[in-house]
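A.B. asks: Encoded as structure tokens, here's the structure I'll be asking about.
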Amino acid sequence: QVDSGLAEKPNDGNETARMEARNLLSLLQPLMCCASKNRRDSLHTQSPLLQPKNPDVDAATLRQSILSVSRHATRITAVEPRMLQISLPTYVLGDIHGNLPDLEFFARTLWPAGPEAAAGNFLFLGDFVDRGKDSVAVVAYIMAMKVLHPTKWLLIRGNHETREVNGNIDHYQDGSFLRQCIQLFGDGEGAQVWEAVNNFFDVLPLAAIIDERIFCVHGGIPATLLEPDASLQLIQDVECPLRTAQTNRLVYDMLWSDPATPDQERTDMDANGFGQSPRGCACFGERSIEAFLAKYKLQHIFRGHEAQKMGVGVSKGSRLTTIFSTSKDHFQGDVTATCGCVLVEGDTIKPIVRSKTLANLSLMPTHVGQSVEATELNVFRPEQRRLAGEFHEFQAH
Numbered sequence: 003q004v005d006s007g008l009a010e011k012p013n014d015g016n017e018t019a020r021m022e023a024r025n026l027l028s029l030l031q032p033l034m035c036c037a038s039k040n041r042r043d044s045l046h047t048q049s050p051l052l053q054p055k056n057p058d059v060d061a062a063t064l065r066q067s068i069l070s071v072s073r074h075a076t077r078i079t080a081v082e083p084r085m086l087q088i089s090l091p092t093y094v095l096g097d098i099h100g101n102l103p104d105l106e107f108f109a110r111t112l113w114p115a116g117p118e119a120a121a122g123n124f125l126f127l128g129d130f131v132d133r134g135k136d137s138v139a140v141v142a143y144i145m146a147m148k149v150l151h152p153t154k155w156l157l158i159r160g161n162h163e164t165r166e167v168n169g170n171i172d173h174y175q176d177g178s179f180l181r182q183c184i185q186l187f188g189d190g191e192g193a194q195v196w197e198a199v200n201n202f203f204d205v206l207p208l209a210a211i212i213d214e215r216i217f218c219v220h221g222g223i224p225a226t227l228l229e230p231d232a233s234l235q236l237i238q239d240v241e242c243p244l245r246t247a248q249t250n251r252l253v254y255d256m257l258w259s260d261p262a263t264p265d266q267e268r269t270d271m272d273a274n275g276f277g278q279s280p281r282g283c284a285c286f287g288e289r290s291i292e293a294f295l296a297k298y299k300l301q302h303i304f305r306g307h308e309a310q311k312m313g314v315g316v317s318k319g320s321r322l323t324t325i326f327s328t329s330k331d332h333f334q335g336d337v338t339a340t341c342g343c344v345l346v347e348g349d350t351i352k353p354i355v356r357s358k359t360l361a362n363l364s365l366m367p368t369h370v371g372q373s374v375e376a377t378e379l380n381v382f383r384p385e386q387r388r389l390a391g392e393f394h395e396f397q398a399h
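See below:
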């Protein structure tokens with residue numbers, strides 16, 4: 003059994019929580035520096051946490067710090083709505099998947115002096131762990147920042163924020179969050195850290211709306227919300243904590259569903275615009291997107307969940323944006339794959355893509371079966387703005 007922190011009152015121990023979060027970040031700082039060096043050198047063959055006799059990391063101290071901060075982060079997050087309402091400007095980041103070098107790059111580029119010094123909010127669309135080599139360090143950083151900046155550092159749940167997925171060692175092997183916890187802390191204490199972090203995942207919000215116009219979710223829109231008597235209150239009414247997300251059809255579809263491929267749009271969709279994706283879960287098409295946006299008076303949908311070779315993919319008549327914020331562990335080692343995020347500011351949606359070269363930049367949606375559509379976003383060279391020498395910004399019209 004692991005103390006989740008839910009028995010504590012929301013304002014209990016706030017200063018202690020912040021102090022312990024700052025301490026955790028100080029423990030992670032050498033790892034962030036190492037991640038930055040590995041990214042530049044294209045190394046990062048092993049997590050710095052798992053390197054033998056790493057003098058910068060004491061596993062017992064790190065374990066206790068993660069346990070404490072996860073309890074505070076759980077307590078803080080549990081009182082948030084199940085669907086967040088977020089004002090502008092907002093940066094939106096997609097899947098991180100245990101990729102510390104890319105997370106370090108975003109930190110150094112978007113919030114170098116911390117989120118409070120930045121003009122905008124930061125919304126993450128889930129999938130913090132698994133696949134990458136640094137799930138423990140990534141989620142520790144995510145939780146510490148939530149404790150320190152609870153109103154600007156906003157998180158929603160992805161399908162990897164469930165025990166069924168992040169505990170699946172057989173499937174993810176060395177990329178499994180559970181395996182990495184055990185490798186670092188040992189069988190019993192590693193499982194304790196894994197459970198404590200999953201207690202935090204159990205209370206994560208499930209969706210967000212930015213500026214009353216943009217619906218944000220990890221996977222996609224559920225068919226349940228297009229039933230005649232449905233409303234977005236159904237999301238707010240989901241129990242918290244939610245330990246078994248797969249038993250709730252609304253939540254399962256929000257965490258797992260994919261946009262339909264062009265072939266599916268032509269042949270395999272029902273009358274409401276829903277079908278089955280290659281993953282074996284639900285998929286949603288043009289018709290369902292149009293109906294969803296009209297029913298709830300929204301303009302656009304942001305999601306993560308699918309690897310995007312250019313970091314950001316735009317599809318479905320430019321009404322659906324898929325955001326992927328890790329450049330590794332997908333596309334079978336393709337070194338040209340990159341990562342991105344999106345800035346919503348005023349009346350514009352600005353994809354921001356890290357790129358190694360200015361040549362041949364375009365935003366093309368990709369899918370679990372690779373290419374979804376060949377539609378490219380118009381790129382206006384005069385609008386480009388380089389950030390930290392590695393980011394390139396495009397304005398979507």
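Letter 232 of the sequence shown, counting from 1, is numbered 234 in the working numbering, and no numbers are missing.
Heads up, the beta-carbon is just placed ideally off N, CA and C, and yes, glycines get one too.
1. With a threshold of 8 Å, are at least 3 pairs of Cβ atoms found where one atom belongs to the segment 213–230 and the other to the segment 165–185?
2. Compute the Euclidean distance between the alpha carbons of residue 265 and residue 286, then round it to the nearest angstrom.
3. Put residue 308 into one of helix, strand or coil per three-state DSSP.
4. Do the CB positions of residue 302 and residue 351 come within less than 8 Å of each other?
5. Are residue 93 and residue 116 close, meaning C-beta to C-beta below 8 Å?
6. Run the CB neighbour count on residue 17, radius 10 Å, all protein chains shown included, and call it buried at 16 or more, exposed below.
7. Give the single residue among 156, 211 and 145 whose Cα lies nearest to the Cα of residue 25.
8. Looking at residue 160 and residue 257, is the spacing between their C-beta atoms short of 8 Å?
9. Take residue 206 and list the residues in its own chain whose beta-carbon comes closer than 7 Å to its own, dropping the five residues that flank it on each side.
10. Since residue 217 sits in a beta bridge, which residues does DSSP pair it with?
11. In angstroms with no decimal places, state the Cα-to-Cα distance between residue 63 and residue 137.
12. Is it true that the segment 245–264 meets the segment 339–350, where meeting means three or more beta-carbon pairs spaced less than 8 Å apart?
13. Suppose you measure from the CA of residue 70 to the CA of residue 251; what does that come to, to the nearest Å?
14. Check whether the Cβ atoms of residue 306 and residue 291 sit closer than 8 Å, and answer yes or no.
15. If you compare alpha carbons, which of 126, 166 and 165 is closest to residue 154?
16. With a CB to CB cut of under 7 Å and the five nearest residues on each side skipped, what residues in its chain are close to residue 195?
17. Whose CA, out of 220, 245 and 227, lies closest to the CA of residue 308?
18. Looking only at its chain, what residues have a beta carbon closer than 8 Å to the beta carbon of residue 134, apart from the 5 residues adjacent to it on each side?
19. How would you write the range of the beta strand (DSSP E) that residue 347 sits in, first residue to last?
20. Under three-state DSSP, which class holds residue 5?
21. In the structure shown, what three-state DSSP assignment does residue 271 receive?
22. Can you give me the C-alpha to C-alpha distance between residue 227 and residue 234, rounded to a whole angstrom?
23. By how many angstroms is the C-alpha of residue 105 removed from the C-alpha of residue 376?
24. What's the call for residue 279, buried or exposed, on a 16-neighbour Cβ count within 10 Å?
25. In this structure, how does DSSP classify residue 93 when only helix, strand and coil are distinguished?
26. Once you ignore the five residues that flank residue 118 on each side, which residues in its own chain have a CB closer than 8 Å to its CB?
27. With distances taken from CA atoms, which of 130, 84, 147 and 82 is nearest residue 113?
28. Thinking just about the alpha-carbon of each residue, which of 276, 297 and 281 is nearest to the one in residue 288?
29. Around the C-beta of residue 224, are 16 or more other C-beta atoms found within 10 angstroms, so that it is buried, or is it exposed?
30. Fully enclosed by the segment 176–262, which beta strand (DSSP E) runs are 3 residues long or longer?
31. DSSP three-state label for residue 75, please.
C.D. replies: Result, derived from the coordinates:
1. no
2. Here residue 265 corresponds to residue number 263 of the sequence shown, with the count starting at 1. Here residue 286 corresponds to residue number 284 of the sequence shown, with the count starting at 1. Going from the Cα of residue 265 to the Cα of residue 286 covers about 13 Å.
3. As a first step, residue 308 is located in the sequence shown; it is residue number 306 there, counting from the start. In the structure shown, residue 308 sits in coil (DSSP, three-state: anything other than H, G, I, E or B).
4. Residue mapping note: residue 302 aligns to position 300 of the sequence shown, counting from 1. Residue mapping note: residue 351 aligns to position 349 of the sequence shown, counting from 1. In this structure, residue 351 lies closer than 8 Å to residue 302 by Cβ.
5. Working through the sequence shown from its first residue, we reach residue 93 at position 91. Working through the sequence shown from its first residue, we reach residue 116 at position 114. Cβ atoms of residue 93 and residue 116: not closer than 8 Å.
6. Taking the sequence shown and counting its residues from 1, the one referred to as residue 17 is at position 15. The residue is exposed, with fewer than 16 neighbouring Cβ atoms inside 10 Å.
7. Looking up residue 25 in the sequence shown gives position 23. Measuring from the Cα of residue 25, the nearest candidate turns out to be 145.
8. By one-based count along the sequence shown, residue 257 stands at place 255. By one-based count along the sequence shown, residue 160 stands at place 158. Contact: yes.
9. Mapped onto the sequence shown, residue 206 falls at position 204. If we look at residue 206 and ignore the five residues flanking it on each side, its Cβ neighbours are 79, 157, 158, 159 and 163.
10. Looking up residue 217 in the sequence shown gives position 215. Bridge partners of residue 217: 211 and 303.
11. As a position in the sequence shown, residue 63 is number 61, starting the count at 1. As a position in the sequence shown, residue 137 is number 135, starting the count at 1. Rounded to the nearest angstrom, the two C-alpha atoms are 17 Å apart.
12. no
13. Indexing the sequence shown from 1 puts residue 70 at position 68. Indexing the sequence shown from 1 puts residue 251 at position 249. Going from the Cα of residue 70 to the Cα of residue 251 covers about 32 Å.
14. Within the sequence shown, residue 306 is the residue found at index 304, counting from 1. Within the sequence shown, residue 291 is the residue found at index 289, counting from 1. Contact flag unset, no.
15. Counting from one through the sequence shown, the residue named residue 154 turns up at place 152. That would be 126, whose Cα lies nearest to the Cα of residue 154.
16. If you number the sequence shown from 1, residue 195 lands on position 193. Cβ within range, chain order: 65, 68, 69, 183 and 187.
17. For the purposes of this step, residue 308 is taken as the residue at position 306 of the sequence shown. When only C-alpha atoms are compared, the closest one is 220.
18. Reading the sequence shown from its first residue, position 132 is the one you call residue 134. 98, 99, 100, 101, 102, 140, 177, 328, 330 and 331.
19. Taking the first residue of the sequence shown as position 1, residue 347 is located at position 345. Here the beta strand (DSSP E) through residue 347 covers 342–347.
20. On the sequence shown, residue 5 is found 3 positions in, with the first residue counted as 1. Looking at residue 5 - three-state DSSP - the assignment turns out to be coil, as it is neither helix nor strand.
21. Here residue 271 refers to the residue found at position 269 when the sequence shown is read from its first residue. Correct three-state label for residue 271: coil.
22. As a working mapping, residue 227 is identified with position 225 in the sequence shown. As a working mapping, residue 234 is identified with position 232 in the sequence shown. Residue 227 and residue 234: Cα-Cα distance of roughly 7 Å.
23. Counted from its first residue, the sequence shown places residue 376 at position 374. Counted from its first residue, the sequence shown places residue 105 at position 103. Reliability fails at residue 376, whose pLDDT of 22 lies under 50, so the model's placement of it is uncertain and no value is given.
24. One-based indexing of the sequence shown puts residue 279 at position 277. Result: buried.
25. Position 91 of the sequence shown, counting from 1, holds the residue named residue 93. Strand at residue 93.
26. Position 116 of the sequence shown, counted from the first residue, corresponds to residue 118. Around residue 118: 151 and 154.
27. By 1-based counting over the sequence shown, the position of residue 113 is 111. Nearest of 130, 84, 147 and 82 to residue 113, Cα basis: 147.
28. Translated into the one-based positions of the sequence shown, residue 288 becomes position 286. Among 276, 297 and 281, the Cα nearest to that of residue 288 is on 276.
29. The residue given as residue 224 occupies position 222 in the sequence shown. So residue 224 ends up on the buried side.
30. 209–212 and 216–218
31. By one-based count along the sequence shown, residue 75 stands at place 73. Residue 75: helix per DSSP, three-state reduction.
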